[in-house]
Amino acid sequence: MSGKARWVIGAAAVCAVVVGAVVVWPEAEVDPRAYPGSSTRYTLDDAERLSRVPLPECARAQLRYYVFPLGPESVTLDFAAPSDCVDGFLSGFGVDRHVPTSVWEPRGDDPPPPIRPPGQVGARWEFTPGERVEEWTRVVPGAYREQVRIAVNRSAQPQRVYVVAFSLD
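Numbering (the numbering used here), first residue to last: 796 to 964.
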């Protein structure tokens, strides 16, 4: 058998393996709650574990999330929930719902909001003049330190919660 024939047979075998792999191992199914571009390797439960932000059941129905494909310790999520659910979420995370780190009340001429999703998420969190947005910032210790910023739009009904968590290490 000539060298050219061996090369053709080898190339055909490689193509067959690649096609077989695509058919047998299709791309992971995308969670409809994940923002476009979120790593498909991570589920919502993974996002919760990686960010170390415990999510209450009452928040999961209206939740969207994004796990960075190259840095899974970076997680962005947002959800809408009734005030009692939001208050339980804040308590479960270990912050005092009555004592935010900061309060922002947007006006028409304000600079961008103090919390927003990173550009890769492809979403915008909109705040309108007259709303009250409370924010909590906390560093969660552990195998790696995670900075978590939580903002709650108290004016929206149901209330809107925005979370940005990323590794400091």
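All C-beta atoms in this analysis are idealised placements derived from N, C-alpha and C, irrespective of residue type, glycine included.
Asked	Found
Close beta carbons around Ile-945, own chain, < 6 angstroms, minus the five adjacent residues each side	Trp-931, Val-958
Inter-stretch contact (C-beta, 8 angstroms, three-pair minimum) for the stretch 888-896 and the stretch 854-871	no
Span of the alpha helix (DSSP H) around Val-881	878-888
C-alpha distance - Val-947 paired with Arg-940, whole-angstrom precision	23 angstroms
Local conformation of Ala-856 per DSSP, three classes	coil
Assumed close pair Leu-839, Asp-826 - CB separation to whole angstroms, cut-off 8 angstroms	6 angstroms
Identity of the residue in Ser-833, Gln-952, Val-956, Trp-899 nearest Arg-855 by Cα	Val-956
Beta bridge counterpart(s) of Trp-931 as assigned by DSSP	Ile-945
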